[in-house]
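J.:
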Amino acid sequence: MRRLNLQVGLSIVSMLIIVALLAPWLAPFHPTEYADLNNAGLPPGSPFLLGTDEQGRDVLSRILYGARISLMVGLVVQSMNTLVGVTLGVTAGYFGGWWDELVQGLTNLMLAVPTIVFALALMTILGPGLTSLFVALGLTDWSYSCRISRAQVLSQKSQNYVQAAETLGFSKAHIMFREILPNVAGPLVVVATMGVGSAILSEASLSFIGLGVVPPDPSWGGMLARAREQLMGAPWIAIYPGLALFFTVLGFNMLGDGLRDLLDPQGRANT
Amino acid sequence: MAMLLIRRLMQSAVTLLASILLIFVLFSVIPGSFVNSLGGDKRNIDAEFKARLQTELHIDEPVPQRFVRYMSGLLRGDLGKSFAMRRPVADILTERLPASLRLAVAATAFAMFLGVPLGFLAAARQGSWLDAGTMMLAISGLSIPAFWFGLLAMFLLSLELRWLPTFGYGHGSFVNLVLPAMTLGVAPMALIARTTRAAVLQTMSADYIRTARSKGASEARVVTGHMARNAFVLILTTIGLQFGSMLGGSVIVENLFSWPGIGALLTQSVSQRDIPLVQGCVLLIIAFFLTINTLVDMAYVIIDPRIRFR
Amino acid sequence: MSGIENILQVEGLSIAVGSKHDSPLAAESVTFNVKRGEIFGMVGESGCGKSICALAVSGLLRSPLRTTAGRVMFEDKDILALNSREIRQLRGGRIAMIFQEPMTALNPLMRVGDQIAEMFVLHERLSNSEARRRAVAALEQVQVPSPEQRCADYPHQLSGGMRQRVMIAIAMACKPALLIADEPTTALDVTIQAEIISLVLELCQQSGTAVLLISHDLGLVAETCNRVAVMYAGRIIEEQRGDLIFSSPLHPYTRGLVAALPRPGRRLAGGQKPLADIPGLVPPIGQRAAGCHFVPRCGRADAKCKQDVPQATQLGGDGFVRCFHHG
């Protein structure tokens, strides 16, 4: 049962990466330029395997290209989040004091409120657009990486090798990032993996309410937003992008779960 | 015990204050200093927006003065005036809050009444197909995008089967509540099911359960008299946290179903860059979460004798 | 030995770990009996199966443990053949248990008095208020001062010794015919151990309760028990009168245990006292070879020991030993 998580998750994620990389070759039609209104709203069949949307574009091709956008956003955003989280967490754990208190309070607050809310708040100030999206999403989901890094640093701080490094006169930065950090890697990988899925979902959500990726670029969330109006007559526009999104998030969640069981079977590292 | 409760209240007050400060910095200070947006599509701030910022947010004034003005306004219940609607923010929030609360309560009830029995069932049949199936369902529930589930449910239950209205508040009738509540409650239900299962398993393997059995108590008595209370203490946090996050977590769902609550208001005001209104919404969402969180913690002090009597 | 005299008669009990045909055995052909009012001790290291046998006697075995052979006759009924309702009627009322860890054995969210009162509600069908009154009396009987106040307390507010007294009060509440005490003093301070043991013995004598005392402490068991059974790797390898087991242990393992007990007196030239030990480790479940299980650690083992399982050799007086080279 445990192995299943890892295997299925890995398969799904690998498939996603392959699709994203090979989209230009896999997609039968161009996702944005091929838009013949005469073909609008066709149900799945040949040659449009998953049907067309309200603008006559091939749903399948848009889904395949959407994978590129989702994956890219997911990876960039999660990298930013991890960077912020780890920096805050490691420094908080290592230096302690008022900085630690501040970081902890901030973390608690960030954990309290759904990331969407903070992201929206940031986007108000930054304005619309892809860069704002990255900044907003990249600065709001670092809480778990922060918690974990901090906990690990605290438990490692008193270990012998850290004290040895201090005695030898290594700089604090060196100790933090070259000695302690590698030990934190395990649980971080788990959090980061699931975070990619989360980031992809957040981007889709924002695109769904019209504040994310701007049309005509094919974002799965955006496609679902459009689908809502067409729901009665063309439900496939809602079903397939959503299915892609679901499997992607599921894949990352399962991969994360599987990695956690692999790296930390007794659940010693608590989030 | 009173001391513990008071201390907890004080902690929350401090957190609330910190949040207010954070929001102030976010919405008042930053726009003031970074008047040119980072928008990738290069939508630079137009003159009108800049003028609005000046009059409403008083960005010409020094920061401390602005903060004092803001705080005194808060204490009076004045959260500023909405750019777009030109009405006091506090009034707008008060109007929209009940709809969100109804949705939150309904979604939590759905999540609880489905999630707890499911988790209990999975624990009782641990290791069986039922257990594995339920947990697979749970992980799917956590992965499924709420708006996709909502769309599918909308399609099936409303458009195809015509059992429920498609969207809208419908003057507060119950049928309108069903779809949004279900959609919002799916993920919390999955989480509650998982937590319940873990709590039941943990409790059932405790030594005092063995003692209860050795006393000759029936399995029913063991479950209701000994296991239930102890497991519930563990589940309470999850339920509380889920409820507390619902005001903010309903953003997408309210949008999907055109539900006139705080979440939809937030989206609307973000796209209009209506800073005072966004500020008010965020503050309300945080305050709601902190309130529920504090109540849950205080409930623990009352329920768990290990905390009450040191 | 007549049936009326024995309150408990365990015959050929075997307990396996796992549900397969060839699952390894945790206890093998365990046979012993406890007479009415007798104090019977079971001694052995961790993993020898003594606690598991205790659980089987009260019908508390849970998967993956299961009985594969034998009978457990309590008075005139076979516990293993009863359905759950019948066992429940016996548990608590006729067969009581006290466990090693009093802290975790009590429900942390229930007041102590209510946990004792539960016994009276379950077995004597008393009302809640009457049961609570009896609970106070029960605490008094186990020598807890200010019993009314203690009844209103929660387990975490009491000391370890007091909690164990509460457990004893619960167990003895309905004057059971048999008390199974599984390592009752192991988790307690040394100073309190003696108090608790003497309390248990005193109460049991008053109510005529037989005691099955399970412990790894040979000294304790030899001192307090009428008869002692020694278990090793799932089998009872020796059974003797309590006063004799110390002075004349017959099985090589028992001799090793007795020799390993630190004793005041004898010192070597350099002033040190040698601590004898039995070389080697107890074979874990599933890794026990054919023949006598003690072979790898026995100084007297020969080819016959490796092949055949020694059967019980009856001794004059009560007792037996399972060894080809005993004495």
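Residue numbers (the numbering used here), protein chains in the order written: chain A, 1 to 271; chain B, 1001 to 1310; chain C, 2001 to 2327. We put the CB at the ideal spot given by N, CA and C, even for glycine. Bear in mind the structure is a predicted one, so any value in this text is a computation, not a measurement.
Go through its chain and collect everything with a Cβ distance to alanine 2312/C's Cβ below 6 angstroms, but skip five positions before and after it.
T.: Phe2320, Arg2322
J.: For serine 46/A, which residues does DSSP report across the bridge?
T.: Paired residue(s): none; serine 46/A is not in a bridge.
J.: Could you name each continuous beta strand (DSSP E) segment of 3 residues or more that falls completely within the region 2227-2314 of chain C, going from the start of the chain to the end?
T.: As far as the region 2227-2314 of chain C is concerned, its whole beta strand (DSSP E) runs of at least 3 residues are 2227-2232, 2235-2241.
J.: Is the shortest distance between the beta-carbon of serine 1214/B and the beta-carbons of chain C less than 8 angstroms?
T.: yes
J.: Any beta-carbon of chain B closer than 8 angstroms to the one on serine 219/A?
T.: no
J.: List the whole-angstrom C-beta distance separating glycine 2113/C from lysine 1215/B, where the pair is believed to meet the contact cut-off of C-beta under 8 angstroms.
T.: Contact flag wrong, Cβ pair sits at about 15 angstroms.
J.: Please report how far the alpha carbon of proline 218/A lies from the alpha carbon of glutamine 78/A, in whole angstroms.
T.: 21 angstroms
J.: Anything in chain C within Cβ reach of phenylalanine 1309/B, meaning under 7 angstroms, just list it in chain order.
T.: Tyr2154, Gln2157
J.: Alpha carbon to alpha carbon, what distance is there between glutamine 104/A and alanine 2138/C?
T.: The straight-line gap from Cα to Cα measures roughly 50 angstroms.
J.: List, in chain order, every chain B residue whose beta-carbon is nearer than 8 angstroms to that of isoleucine 2170/C.
T.: Thr1211, Lys1215, listed in chain order.
J.: At a cut of 8 angstroms, does the region 2096-2109 of chain C reach the region 1207-1222 of chain B through at least three beta carbon pairs?
T.: yes
J.: Taking valine 1025/B as part of the alpha helix (DSSP H), name the residues at either end of that continuous run.
T.: Element bounds for valine 1025/B: n/a, residue is neither H nor E.
J.: What does valine 1278/B reach in chain A if we use C-beta pairs closer than 7 angstroms?
T.: Ala121, Thr124
J.: Please check the pair glycine 56/A and asparagine 39/A, which I expect to be a contact at CB under 8 angstroms, by giving their CB distance rounded to whole angstroms.
T.: 4 angstroms
J.: In whole angstroms, what is the alpha-carbon distance linking alanine 2290/C and leucine 2261/C?
T.: 30 angstroms
J.: Quick one: using the 10 Å Cβ neighbour count with 16 as the cut-off for buried, is serine 2207/C buried or exposed?
T.: exposed
J.: Using a C-beta to C-beta distance shorter than 8 angstroms, which residues of chain B count as neighbours of proline 114/A?
T.: Those within 8 angstroms of proline 114/A in chain B are Ser1245, Gly1248, Gly1249, Val1251.
J.: Any C-beta of chain B sitting closer than 8 angstroms to the C-beta of serine 2207/C?
T.: no
J.: Using a Cβ-Cβ cutoff of less than 8 angstroms, which residues in the same chain neighbour serine 11/A once the five nearest sequence positions on both sides are dropped?
T.: Gly251
J.: Judging by CA-CA distance, which residue of Val1116/B, Ile1023/B, Phe1167/B is the nearest neighbour of alanine 1231/B?
T.: Alanine 1231/B has its Cα closest to that of Val1116/B, out of Val1116/B, Ile1023/B, Phe1167/B.
J.: Mind checking which residues open and close the alpha helix (DSSP H) that includes cysteine 2137/C?
T.: For the sequence presented, residue 2137/C should be read as alanine rather than cysteine. Here the alpha helix (DSSP H) through alanine 2137/C covers 2128-2141.
J.: Just checking my contact of alanine 234/A with glycine 51/A at CB under 8 angstroms: how many whole Å lie between their CB atoms?
T.: 7 angstroms
J.: Among Val2228/C, Cys2151/C, Glu2183/C, Tyr2253/C, which residue has its Cα nearest to the Cα of alanine 2169/C?
T.: Cys2151/C
J.: Given a cut-off of 8 angstroms on the beta-carbon distance, is the pair aspartate 2078/C and arginine 2085/C in contact?
T.: Cβ atoms of aspartate 2078/C and arginine 2085/C: not closer than 8 angstroms.
J.: Note down the Cα distance separating alanine 192/A from leucine 71/A, rounded to an integer number of angstroms.
T.: 14 angstroms
J.: At the 8 angstroms Cβ level, is serine 1128/B part of the contact set with chain C, yes or no?
T.: no
J.: Using a Cβ cut-off of 7 angstroms, which residues of the region 2057-2073 of chain C contact any Cβ in chain B, in chain order?
T.: Ser2058, Leu2060
J.: In terms of DSSP beta bridges, what is glycine 2041/C paired with?
T.: Leu2213/C, Val2228/C
J.: Let me confirm a value: alanine 204/A is counted as buried when at least 16 other C-beta atoms fall within 10 Å, else exposed. Which label applies?
T.: buried
J.: Quick one: what's got a C-beta closer than 7 angstroms to threonine 1267/B's C-beta in the same chain, skipping five residues either side?
T.: For threonine 1267/B, where only same-chain residues beyond five positions count, the Cβ hits under 7 angstroms are Val1251, Asn1255.
J.: Mind the definition here: the region 251-261 of chain A touches the region 1288-1307 of chain B only if three or more C-beta pairs lie below 8 angstroms; say whether that holds.
T.: no
J.: Do we get a CB-CB distance below 8 angstroms when we pair asparagine 253/A with the residues of chain B?
T.: yes
J.: Which residues in chain B have a C-beta closer than 7 angstroms to the C-beta of alanine 227/A? List them in chain order.
T.: Leu1151
J.: Is there at least one Cβ from chain A nearer than 8 angstroms to valine 1282/B's Cβ?
T.: At least one CB atom of chain A sits nearer than 8 angstroms to the CB of valine 1282/B.
J.: Counting only the same chain and skipping the five closest in sequence on each side, list residues whose C-beta sits under 6 angstroms from that of threonine 140/A.
T.: Thr115, Phe118, Ala119
J.: Rounded to whole angstroms, what's the CA-CA distance from aspartate 89/A to cysteine 146/A? Just pull it up for me.
T.: The sequence as given places glycine at residue 89/A; aspartate does not occur at that position. Rounded to whole angstroms, glycine 89/A to cysteine 146/A spans 4 angstroms at the Cα level.
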